Structure formats: structure tokens, C-alpha cells
Amino acid sequence: TGQRPYRCAGCGKSFRWRSKLIAHWRGQTGDKPFACAHCAETFRHVSHFFQHRHVHTTESLD
């Protein structure tokens with residue numbers, strides 16, 4: 735319990751889950767790999783990208 739096997743090579747912070755390390759690393763590097771095809775927005779987290787997509791679908795319904 736409490737093991738944190740995933741360590742950031744940049745700052746040494748440890749994480750329990752690999753996905754949390756990846757999100758942390760993207761924050762360190764500024765990487766935003768998820769891009770909207772409808773506008774210039776980019777996102778660090780896929781969940782934020784999926785949330786954003788609703789902006790375009792609700793606009794088209796108006």
C-alpha cells in the first residue's frame with residue numbers, strides 16, 4: 735500500500751499510477767497532444783479534449 739513506482743525523471747516526484755506520471759510529465763514539458771479538428775485548441779488530457787468537443791456539437795444544434 736502506498737507504493738509509488740513511477741518516478742518523474744525531471745523532478746523526482748513519484749506516482750502510484752503511470753497515467754498520473756504521464757499527465758505530470760505533460761505539465762512539465764507543455765505537451766498538449768490532443769488537438770481539436772474544429773478550432774486551434776489543444777489539450778493535455780484526453781478527458782478535457784472530449785469535454786471540449788461538446789462545445790462544437792452544441793453550437794451546431796443552435
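Numbering-wise (my numbering), the sequence shown opens with residue 735 and increments by one.
By construction, the Cβ of each residue, glycine as well, lies at the ideal position given by its N, Cα and C atoms.
This structure is a prediction, so every number in the text was calculated from the model and none was measured.
Looking only at its chain, what residues have a beta carbon closer than 7 Å to the beta carbon of residue i, apart from the 5 residues adjacent to it on each side?
| i | result |
| --- | --- |
| E775 | H786 |
| G761 | R778 |
| F749 | R738, Y740, L755 and H758 |
In chain order, what residues of the same chain have a beta carbon less than 8 Å from the beta carbon of residue i, not counting five sequence neighbours either side?
| i | result |
| --- | --- |
| A757 | R778 and H779 |
| K751 | According to the sequence provided, residue 751 is Trp. The question's Lys does not apply to it. Contacts found: Y740. |
| K747 | R741 and H758 |
In the DSSP output, which residue or residues are listed as bridge partners for residue i?
| i | result |
| --- | --- |
| S748 | R741 |
| F777 | F768 |
Can you say whether residue i is buried or exposed, counting buried as having 16 or more other CB atoms within 10 angstroms of its CB?
| i | result |
| --- | --- |
| D796 | In this prediction, D796 scores a pLDDT of 48, lower than 50, which makes its location untrustworthy; the coordinate-derived value is nonetheless stated afterwards. By the 10 Å Cβ count, D796 comes out exposed. |
To which residues of the same chain is residue i closer than 6 Å at the C-beta, ignoring the five residues directly before and after it?
| i | result |
| --- | --- |
| H772 | H790 |
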